[in-house]
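If you read the sequences in order, they're chains A and B. So the number in our numbering is just where the residue sits in the first sequence, counting from 1, plus 733. So the number in our numbering is just where the residue sits in the second sequence, counting from 1, plus 733. We treat Cβ as the ideally placed atom computed from N, Cα and C, and that holds for glycine. The model shown is predicted, which means the values in this text are computed figures rather than measured ones. One structure is given here, and the rest of the page talks about it.
Protein chains: 2
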Amino acid sequence: MNQYIPILQETQLFEGCGKEDIEAMLGCLQARLRTYKKGSFVLRQGERLDKIMVLAEGKLHIQRDDHWGNRSIINIITPAEMFGEAFAAPDSGALLNDVLAVEDSVVFLFDLNRIITVCSSACRFHSMVVQNLFFAISEKNRKLVQKLGYMSERTTRGKLIAYLSDEAKRKNSSAFSIPFNRQQLADYLSVDRSAMSSELCRMRDEGLLRFDRNRFELL
Amino acid sequence: MNQYIPILQETQLFEGCGKEDIEAMLGCLQARLRTYKKGSFVLRQGERLDKIMVLAEGKLHIQRDDHWGNRSIINIITPAEMFGEAFAAPDSGALLNDVLAVEDSVVFLFDLNRIITVCSSACRFHSMVVQNLFFAISEKNRKLVQKLGYMSERTTRGKLIAYLSDEAKRKNSSAFSIPFNRQQLADYLSVDRSAMSSELCRMRDEGLLRFDRNRFELL
DNA sequence: ATAAGTCGGTTGTTTTTACAACAGAAACGG
DNA sequence: CCGTTTCTGTTGTAAAAACAACCGACTTAT
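Set out below in structure tokens:
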């Protein structure tokens with residue numbers, strides 16, 4: 734287990750903790766390690782979960798099958814990423830997606846109750862882990878709310894305006910760069926790239942904004 | 734402040750706590766009470782926050798203005814609802830939305846650090862509040878992820894299939910009721926009601942599903 | 001230097017959606 | 001029971017988006 738401590742140091746959950754502290758906490762948090770062969774399921778739709786999971790090695794797909802069997806990939810998990818944290822709470826209900834190992838993989842399991850029930854002062858960093866967990870899920874929450882705000886606009890233009898307005902607010906300037914190229918932005922907003930590209934140019938022609946590559950200016 | 738303890742009992746944050754326990758914790762959590770006149774802002778876009786807020790009385794609108802001044806209402810807060818929790822973490826950045834009191838309102842403010850830094854065993858229920866906070870934000874997270882899953886489908890049919898498939902999974906049956914009427918479902922999925930209605934009927938005619946009012950069966 | 005690949009913009013066609021307007025069925029209140 | 005309101009489905013039209021295909025500018029590797 735100790736061989737993966739450097740990986741754990743890179744996770745949000747153990748941010749700010751030293752190697753020795755993590756090593757000490759592993760026992761206190763009742764960490765478990767599981768290995769999965771390529772092609773096997775880490776979690777199945779319908780299961781219940783009370784663990785927070787961290788990928789130590791390998792690669793996972795979070796994927797969903799609809800009622801008629803059509804599959805789509807929701808997310809790709811790479812080492813040091815945490816998953817399952819939103820479903821570990823007691824009344825979370827059953828999982829709605831599968832988690833599949835697409836490479837031979839190794840996963841850490843942390844018991845949620847062990848984490849949020851702070852133990853005696855034996856491990857100094859335990860309360861930091863609680864905070865890290867809260868911050869991580871809170872950050873995820875913010876990102877989800879923002880994206881949902883953009884996606885709930887009906888038109889491509891509406892989505893672009895919502896997204897670009899937020900970026901301008903975040904950067905506190907009407908001129909700013911975005912971390913996406915066109916295809917990535919289109920994927921993020923769930924629209925067609927070429928349609929989005931046309932819409933951007935139409936907005937430019939109407940004098941709403943200027944842009945060059947990934948640099949934008951709202952007018 | 735004590736007059737609002739019954740309201741706090743109804744909140745997710747203090748679920749499972751008795752009146753006396755809440756009263757005891759108010760001091761330990763450094764709770765503050767603020768009043769806002771109708772029409773005044775509780776929070777402004779661009780501000781930073783380190784408090785978790787609970788509406789004790791009145792009504793709030795969470796609203797956004799885009800770069801060109803178009804306003805839209807994101808959410809309506811009613812008494813006993815918590816808000817701001819996702820932005821209270823240290824590196825959350827500035828708020829992107831305004832929170833406006835649309836009635837004379839009273840708001841509880843709880844210092845986040847006071848909550849997640851568990852104090853001495855003086856208040857027995859403090860750790861329960863930490864857990865409640867985690868469960869609340871984790872539940873919100875699940876709901877957001879699910880909705881985002883539906884909304885990221887490009888077509889109305891795709892959104893319906895994603896939503897209805899999840900409901901069937903949750904109810905563990907291909908026949909189930911949904912908690913929405915047509916207009917509410919359309920609003921939830923961010924599509925036009927009549928277009929959605931037509932699409933549902935088309936899917937029915939293709940033999941994908943059956944429905945009657947808010948009762949559905951996937952085939 | 002050239003060939004291959006990436007990126008962003010453009011165009012035309014087809015599909016899908018929004019919108020508006022209406023009609024029948026069900027629910028409700030007096 | 002009747003009139004009113006709410007809910008749902010239907011239709012036609014206009015608007016918007018998806019899709020596919022292509023182009024030129026630029027980058028990168030050999």
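Below 6 angstroms CB to CB, which residues in the same chain sit around residue i once its five sequence neighbours on both sides are set aside?
{"i": "Met-936(A)", "result": "Leu-942"}
{"i": "Arg-777(B)", "result": "Asp-831"}
{"i": "Ser-910(B)", "result": "Asn-947 and Arg-948"}
{"i": "Phe-816(A)", "result": "Met-786 and Ile-810"}
{"i": "Ala-919(A)", "result": "Arg-926 and Met-929"}
Name the chain B residues that come within less than 7 angstroms of residue i, Cβ to Cβ?
{"i": "Asp-799(A)", "result": "Ile-894, Ala-895 and Ser-898"}
{"i": "Ile-849(A)", "result": "Val-863, Gln-864 and Phe-867"}
{"i": "Leu-746(A)", "result": "Here the premise fails: no neighbours, minimum Cβ distance about 13 angstroms."}
{"i": "Leu-951(A)", "result": "His-800"}
Following the continuous beta strand (DSSP E) through residue i, name the residue where it begins and the one where it ends.
{"i": "Met-734(A)", "result": "Run containing Met-734(A): none; DSSP gives neither H nor E here."}
{"i": "Gln-796(B)", "result": "793–798"}
{"i": "Ser-956(A)", "result": "Since the first residue of chain A shown is 734 and the last is 952, residue 956(A) is not available in this structure."}
{"i": "Glu-790(B)", "result": "784–790"}
{"i": "Asn-947(A)", "result": "From DSSP, Asn-947(A) is part of no beta strand (DSSP E); its letter is neither H nor E."}
Chain B partners of residue i, CB-CB under 8 angstroms?
{"i": "Met-884(A)", "result": "Leu-881, Met-884, Ser-885 and Ser-923"}
Can a CB atom of chain A be found closer than 8 angstroms to the CB of residue i?
{"i": "Val-787(B)", "result": "no"}
{"i": "Leu-707(B)", "result": "Coverage of chain B is limited to positions 734 through 952, which leaves residue 707(B) absent and any answer about it impossible."}
{"i": "Trp-809(B)", "result": "First, the residue type needs correcting, since residue 809(B) is Ile and not Trp in the sequence shown. It does not: the Cβ of Ile-809(B) has no partner Cβ on chain A nearer than 8 angstroms."}
{"i": "Leu-877(B)", "result": "yes"}
Which chain A residues are close to residue i, counting only those with a beta carbon under 9 angstroms from its beta carbon?
{"i": "Arg-903(B)", "result": "Gly-826, Ala-827 and Leu-829"}
{"i": "Tyr-943(B)", "result": "The sequence shown places Arg at residue 943(B), rather than the Tyr named in the question. In chain order: nothing, as chain A lies at least about 13 angstroms away."}
{"i": "Ala-928(B)", "result": "Per Cβ cutoff of 9 angstroms: no residues; Ala-928(B) is ~11 angstroms from chain A at best."}
With a threshold of 8 angstroms between beta carbons, is residue i in contact with chain B?
{"i": "Gln-778(A)", "result": "yes"}
{"i": "Glu-932(A)", "result": "no"}
{"i": "Lys-873(A)", "result": "yes"}
{"i": "Leu-766(A)", "result": "no"}
{"i": "Ala-819(A)", "result": "yes"}
Counting only Cβ pairs nearer than 9 angstroms, list the residues of chain B close to residue i.
{"i": "Ile-806(A)", "result": "Correct list: empty, because the minimum Cβ distance to chain B is about 12 angstroms."}
Taking 7 angstroms as the limit between beta carbons, can you name the residues of its chain near residue i, skipping five residues before and five after?
{"i": "Asn-914(A)", "result": "Asn-947"}
{"i": "Arg-765(A)", "result": "Leu-842"}
{"i": "Tyr-883(A)", "result": "Lys-892, Ala-895, Tyr-896 and Leu-922"}
{"i": "Ile-740(B)", "result": "Ala-789, Pro-812 and Ala-813"}
{"i": "Thr-745(A)", "result": "The amino acid occupying residue 745(A) in the given sequence is Gln; Thr does not appear at that position. Excluding positions up to five away in sequence, the list reads Met-815, Asn-865 and Ala-869."}
{"i": "Ala-827(A)", "result": "Gly-779, Glu-780 and Arg-781"}
Let's see if you can read the secondary structure: which residues bound the alpha helix (DSSP H) around residue i?
{"i": "Asp-920(A)", "result": "915–922"}
{"i": "Ser-910(B)", "result": "Unbroken run through Ser-910(B) is the beta strand (DSSP E), 908–910; no alpha helix (DSSP H)."}
{"i": "Asp-925(A)", "result": "It is not in any alpha helix (DSSP H) - Asp-925(A) carries neither H nor E in the DSSP assignment."}
{"i": "Asp-754(B)", "result": "752–761"}
{"i": "Thr-889(A)", "result": "889–904"}
{"i": "Ser-871(B)", "result": "859–884"}
{"i": "Leu-952(B)", "result": "Premise fails: Leu-952(B) is in no alpha helix (DSSP H) and is neither H nor E."}
{"i": "Arg-847(A)", "result": "845–849"}
Let's test the definition: count the other Cβ atoms within 10 Å of the Cβ of residue i and tell me whether it reaches 16, buried, or not, exposed.
{"i": "Asn-865(B)", "result": "buried"}
{"i": "Ser-871(A)", "result": "buried"}
{"i": "Leu-952(A)", "result": "exposed"}
{"i": "Lys-675(B)", "result": "Here chain B comprises residues numbered 734 to 952, so residue 675(B) is not present and cannot be evaluated."}
{"i": "Thr-888(A)", "result": "exposed"}
{"i": "Asn-874(A)", "result": "buried"}
{"i": "Ile-806(A)", "result": "exposed"}
{"i": "Glu-743(A)", "result": "exposed"}
{"i": "Ser-939(B)", "result": "Looking at the sequence shown, residue 939(B) is not Ser but Glu. Exposed is the call here."}
{"i": "Ser-838(A)", "result": "buried"}
{"i": "Asp-754(A)", "result": "buried"}
{"i": "Glu-780(A)", "result": "exposed"}
{"i": "Ala-928(B)", "result": "exposed"}
{"i": "Asp-899(A)", "result": "buried"}
{"i": "Ser-885(A)", "result": "buried"}
{"i": "Lys-752(B)", "result": "exposed"}
Below 8 angstroms CB to CB, which residues in the same chain sit around residue i once its five sequence neighbours on both sides are set aside?
{"i": "Phe-944(B)", "result": "Leu-933, Arg-937 and Glu-950"}
{"i": "Glu-836(B)", "result": "Lys-771, Gly-791 and Lys-792"}
{"i": "Gln-763(B)", "result": "Phe-843, Asp-844 and Arg-847"}
{"i": "Ser-907(B)", "result": "Ala-901, Glu-950, Leu-951 and Leu-952"}
{"i": "Glu-756(B)", "result": "Asn-735 and Ile-738"}
{"i": "Gln-916(A)", "result": "Arg-926"}
May I ask whether a heavy atom of the ligand FMN can be found less than 7 angstroms away from the beta carbon of residue i?
{"i": "Ser-805(B)", "result": "What this structure holds is no ligand at all, so the ligand FMN is not there to describe."}
Quick one: list the residues of chain A neighbouring residue i, beta-carbon separation under 8 angstroms, in chain order.
{"i": "Phe-868(B)", "result": "Ala-822, Pro-823 and Asp-824"}
{"i": "Ser-907(B)", "result": "His-800"}
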